[in-house]
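A.B. asks:
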Amino acid sequence: MAYAGHHVAAGKVLVVAPAWVGDMVMAHTLVPGLVRRGAVVEFLAPPACADLARRMPGVAAVHDLNVGHGELGLGERTRVARRLRCREFDWAIVLPNSFKSALVPFLAGIPRRTGFTGEARLGLVNDRRRLRVRDLPRQVDRFAALADVTPEDPRLCADPANRAALLRRLGLGAAGNLVALCPGAEYGPSKRWPGERFAELARRLATAGVAVCVLGSARDAELGEAVASDSPAHDLTGRTDLLDAVDILSASCLAVTNDSGLMHVSAALGVPVVAIYGSTTPEFTPPLSTRAVTIGQDLPCRPCFRRECPLGHRACLNNTSVERVMGEVHELGVLRG
765 MAYAGHHVAA GKVLVVAPAW VGDMVMAHTL VPGLVRRGAV VEFLAPPACA
815 DLARRMPGVA AVHDLNVGHG ELGLGERTRV ARRLRCREFD WAIVLPNSFK
865 SALVPFLAGI PRRTGFTGEA RLGLVNDRRR LRVRDLPRQV DRFAALADVT
915 PEDPRLCADP ANRAALLRRL GLGAAGNLVA LCPGAEYGPS KRWPGERFAE
965 LARRLATAGV AVCVLGSARD AELGEAVASD SPAHDLTGRT DLLDAVDILS
1015 ASCLAVTNDS GLMHVSAALG VPVVAIYGST TPEFTPPLST RAVTIGQDLP
1065 CRPCFRRECP LGHRACLNNT SVERVMGEVH ELGVLRG
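For the sequence shown, the working numbering assigns the number 765 to the initial residue and increments by one for each residue that follows.
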């Protein structure tokens, strides 16, 4: 089925969002184009990511789907569908490729339900598109193609009042003199630059006169502790919720990250980013900002997209030096002096 020619001039559009933070940020790529066509865009999202949609320009409303990752949760999906039915959506765009992600739009009686051909969804998705990987190399290209719009760089909005309160409460100093290090990556170890390199980087950044913090979820606490115990960095892993992390990042003059959800958050806020890639590639999920640079090793085994290094050496990460990262930081020109 062709991607062009399926335009909806206006109407109510429900976007069924992904469950991962990075993918959720990238889902904003289709919103501006839909809004320009006169659509009212609302999101259906899991609670772990739903608040991000509330920070997206152009998103009129967000509906929580309280189902755990990987769960069918048919009862909850039915209850949500019943609530959404009365909102009379014209179109649902189902971004995930799973069977369960297409259930709510079908049960809600949304007449047009668009998604890629995927996991046994015949009937649930009645506007099925065939994914042409070569034509749509990036994740944002694929999301935008389902909405028949040109992909645009995702954007998020910060909350200035919450940002100021966080900087005071956490003792982070003035906005604009803060560097955020994000050593985690939910996908697995093959996307995580070594913690000791982040610690050395923190020491070097501190000598440049900036405050350094480590951001991440409670699952990143061990990484955060390892970085902060060997450097002057403030360990905030597990001490902030996702929106707090958004606001702290918005106060930062730089974020150094792995290929992770917080990388995409930083780019969507317009924060300069140095992103370190291991088993994945920026050809598929780049930080979408003109103020972002990516670092990766040119190796025959990369990208493998594996959670753990199948060869056991993680050379794609271990071969990236602190000197190279600092070189990119200086190229961005974000440090004073």
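The beta-carbon is built from N, C-alpha and C at its ideal position, and this holds for glycine as well.
Using the C-alpha atoms, what's the distance from PHE880 back to MET765?
C.D. replies: What you label residue 765 is simply residue 1 of the sequence shown in a count that begins at 1. What you label residue 880 is simply residue 116 of the sequence shown in a count that begins at 1. Residue placement at MET765 cannot be trusted, given a pLDDT of 36 that sits under 50; the coordinates are not used to answer.
A.B. asks: Within a Cβ cutoff of 7 angstroms, which residues of the same chain sit near GLU989, ignoring the five residues on either side of it in sequence?
C.D. replies: Sequence index remark: in the sequence shown, residue 989 carries index 225 (1-based). Closer than 7 angstroms at Cβ, skipping near neighbours: ASP999.
A.B. asks: For ARG846, verify whether its CB is less than 7 angstroms away from any heavy atom of the ligand SAH.
C.D. replies: By its list of ligands, the structure shown contains no ligand whatsoever, and the ligand SAH lies outside what it can speak to.
A.B. asks: What is the residue span of the alpha helix (DSSP H) that ILE1012 lies within?
C.D. replies: The residue you call residue 1012 lines up with position 248 of the sequence shown. Taken as a continuous stretch (DSSP letters only), the alpha helix (DSSP H) holding ILE1012 covers 1006-1014.
A.B. asks: DSSP has CYS946 in a bridge; who is on the other side?
C.D. replies: Here residue 946 corresponds to residue number 182 of the sequence shown, with the count starting at 1. Beta-bridge pairing links CYS946 to THR1021.
A.B. asks: Since HIS827 is in the beta strand (DSSP E), which residue starts that stretch and which ends it?
C.D. replies: Along the sequence shown, one-based indexing puts residue 827 at 63. First-last of the beta strand (DSSP E) with HIS827: 823-828.
A.B. asks: Hey, is the segment 1092-1101 in contact with the segment 946-962, meaning 3+ C-beta pairs nearer than 8 angstroms?
C.D. replies: Flag = no, the segment 1092-1101 and the segment 946-962 do not touch.
A.B. asks: Can you give me the start and stop residues for the beta strand (DSSP E) that VAL877 sits inside?
C.D. replies: The residue given as residue 877 occupies position 113 in the sequence shown. Looking at the sequence provided, one finds Arg at residue 877 rather than Val. First-last of the beta strand (DSSP E) with ARG877: 876-880.
A.B. asks: I'd like the span of the beta strand (DSSP E) that includes ASP994, first residue to last.
C.D. replies: Position 230 of the sequence shown, counting from 1, holds the residue named residue 994. Where ASP994 is concerned, there is no enclosing beta strand (DSSP E), given that its DSSP letter is neither H nor E.
A.B. asks: Considering only DSSP beta bridges, list what TRP855 is partnered with.
C.D. replies: Counting from one through the sequence shown, the residue named residue 855 turns up at place 91. TRP855 pairs with VAL777 and ARG876.
A.B. asks: Going by DSSP in three states, ALA866 sits in which element: helix, strand or coil?
C.D. replies: Residue 866 sits at position 102 when you count from the first residue of the sequence shown. ALA866 falls in the helix class under three-state DSSP.
A.B. asks: Counting pairs of beta carbons, one from the segment 1067-1082 and one from the segment 936-943, are three or more of them closer than 8 angstroms?
C.D. replies: The segment 1067-1082, when compared against the segment 936-943, does not touch it at the 8 angstroms Cβ threshold.
A.B. asks: Tell me which residue opens and which closes the beta strand (DSSP E) that ASP891 is part of.
C.D. replies: Here residue 891 is taken as the residue at index 127 of the sequence shown, counted from 1. It spans 891-893 - the beta strand (DSSP E) in which ASP891 sits, taken as one unbroken run.
A.B. asks: Going by the DSSP bridge assignment, what does ALA809 pair with across the sheet?
C.D. replies: Counted from its first residue, the sequence shown places residue 809 at position 45. DSSP, once it has assigned bridges, lists ASP828 as partnering ALA809.
A.B. asks: Which two residues bound the contiguous alpha helix (DSSP H) that contains VAL897?
C.D. replies: Counting from 1 along the sequence shown, the entry for residue 897 is found at position 133. Run containing VAL897: none; DSSP gives neither H nor E here.
A.B. asks: Can you tell me whether LEU910 is buried or exposed, with buried defined as 16 or more other CB within 10 angstroms of its CB?
C.D. replies: As a first step, residue 910 must be located in the sequence shown, where it is residue number 146. With 16 or more Cβ atoms within 10 Å of its Cβ, LEU910 is classed as buried.
A.B. asks: Considering just the uninterrupted stretch of the alpha helix (DSSP H) at VAL730, what are its terminal residues?
C.D. replies: This structure cannot speak to residue 730, because the chain is shown only from 765 to 1101.
A.B. asks: Starting from ALA922, trace the alpha helix (DSSP H) both ways and give me its first and last residue.
C.D. replies: Counting from one through the sequence shown, the residue named residue 922 turns up at place 158. First-last for ALA922: undefined, no H or E at that position.
A.B. asks: Starting from THR971, trace the alpha helix (DSSP H) in both directions and tell me its first and last residue.
C.D. replies: Numbered from 1 along the sequence shown, position 207 holds the residue referred to as residue 971. Counting along the chain, the alpha helix (DSSP H) containing THR971 begins and ends at 959-971.
A.B. asks: Around the Cβ of PRO796, are there at least 16 other Cβ atoms within 10 angstroms (buried) or fewer (exposed)?
C.D. replies: On the sequence shown, residue 796 is found 32 positions in, with the first residue counted as 1. Classification of PRO796: buried, given that the 10 Å Cβ count is 16 or more.
A.B. asks: Taking the straight line between their C-alpha atoms, what separation do you get for VAL1098 and ALA1031?
C.D. replies: Counted from its first residue, the sequence shown places residue 1098 at position 334. Counted from its first residue, the sequence shown places residue 1031 at position 267. Computed Cα separation, rounded: 15 angstroms.
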